Amino acid sequence: MKSLEIDVFLCRSDNFGVLLHCPDSGLTACIDAPELEPILAAAERRDWTITHIFTTHHHGDHVEANLALKERFNCEIIGPRNEAVAIPGIDRTVGDGDEFAFGKHLVRVIETPGHTAGHVCYHLPEDKLLFSADTLFALGCGRLFERSAIDMWHSLQKLAELPDETIVYFGHEYTLSNARFALTIDPDNSRLKSRAEDIEIMRARGDFTVPTTIALEKETNPFLRANDPDIRRTLGMPTESDEDVFAEIRKRKDNF
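As numbered in my numbering, residues 840 to 1095 make up the sequence shown, in order.
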């Protein structure tokens, strides 16, 4: 079985478009549909026909091109059951723990409420891939629009429990800002300092910061590290719950 192929490109101002292609079956999934023209350009460049859209959540910058892509390719739109009424053109609904086949590749659905009420991530365990959209970013997490900090913390813990080698594709190029913020929360983390320096160089060159890994996020992402003693000391929250520490970090990022 051939490895899956992945094409990443920019949509809108800072959304990542992602095409996931299975060479054995010829299937191609678009991870969300942020903007039509860049998606079409990527598909044409690779000579891939879009057969699926894996929708993570209902926000307009993730579903804008759903109907246009469906009209052009007659692709199947898969999306979260708890947001189905808000997802244009949805054909199949999925929820936490559901599994489906993409060619010969297994896709598992992880429900991660927080950014929205029904946000899901798509995990391909045999391929060591995770598409986390607006739940987990490099050095960040999504804003809390429809669920609480407690919900998001628990969602992030689900992702942190995945194998360290899991490769993570996320929804937005926010990494430079996230790195600068992370240093205010975890200033003595040498691994974070080194990573932040690398990110400054990458972005100055115009390079994307996607993908990341679960291991790297666990080492450097303050939103996964609410139980870290150094972070708690910086925040002056030595005995508060992990959920409360996470909520404080999220509040500070909102105002950064």
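Quick reminder that beta carbons are idealized off the backbone N, C-alpha and C, glycines included. On a predicted model such as this, the values are computed, not experimentally measured, just so you know.
The segment 968-977 makes no contact with the segment 903-911: fewer than 3 CB pairs, one atom from each, lie closer than 8 Å.
The C-beta distance from V1049 to F1009 rounds to 6 Å, short enough to meet the 8 Å contact threshold. Within the segment 954-1002, the runs of alpha helix (DSSP H) at least 4 residues long that lie entirely inside it are, in chain order, 988-999. No Cβ-Cβ contact shorter than 8 Å links T955 with H993. If only complete runs of 4 or more residues are kept, the segment 894-929 shows the alpha helix (DSSP H) at 899-902, 905-912, in order along the chain.
R851 sits in coil when the DSSP states are folded into three classes, being neither helix nor strand. In the DSSP assignment, F1095 falls outside any beta strand (DSSP E) and carries neither an H nor an E. Between R1034 and A1018, the C-beta spacing is below 8 Å. Taking C-beta atoms as the reference points, A1021 and F1085 fail to come closer than 8 Å. Between the beta-carbon of T894 and that of L866 there is about 16 Å, and that puts the pair past the 8 Å contact cut. Shown here for S1016: not one same chain residue has a beta carbon closer than 7 Å to its own, the five before and five after excluded. In the DSSP assignment, T1073 falls within the unbroken alpha helix (DSSP H) covering 1068-1074.
Annotated three-state conformation of I1053 is helix, per DSSP.
In this structure, R986 and G953 form a Cβ contact; the two beta carbons are roughly 5 Å apart against a cut-off of 8 Å. DSSP, reduced to helix, strand and coil, places E950 within a strand of the structure shown.
Across the set M991, E938, L1001, T951, the C-alpha of L1001 shows the shortest separation from the C-alpha of K967. Straight across, the Cα-Cα distance linking A880 with D973 is about 24 Å. A868 and F1095 have their C-alpha atoms roughly 35 Å apart. In the DSSP assignment, F1047 falls outside any beta strand (DSSP E) and carries neither an H nor an E. At the C-beta level, L859 and I878 stay beyond 8 Å of one another. Here E1039 has L1015, A1018 as same chain residues with Cβ atoms under 8 Å from its own Cβ, once five neighbours each way along the sequence are excluded.
Under the three-state reduction of DSSP, E874 is assigned to coil, being neither helix nor strand. Here E965 is exposed. Its C-beta has fewer than 16 other C-beta atoms within 10 Å.
In the structure shown, A940 adopts extended strand secondary structure according to DSSP, grouped into three states.
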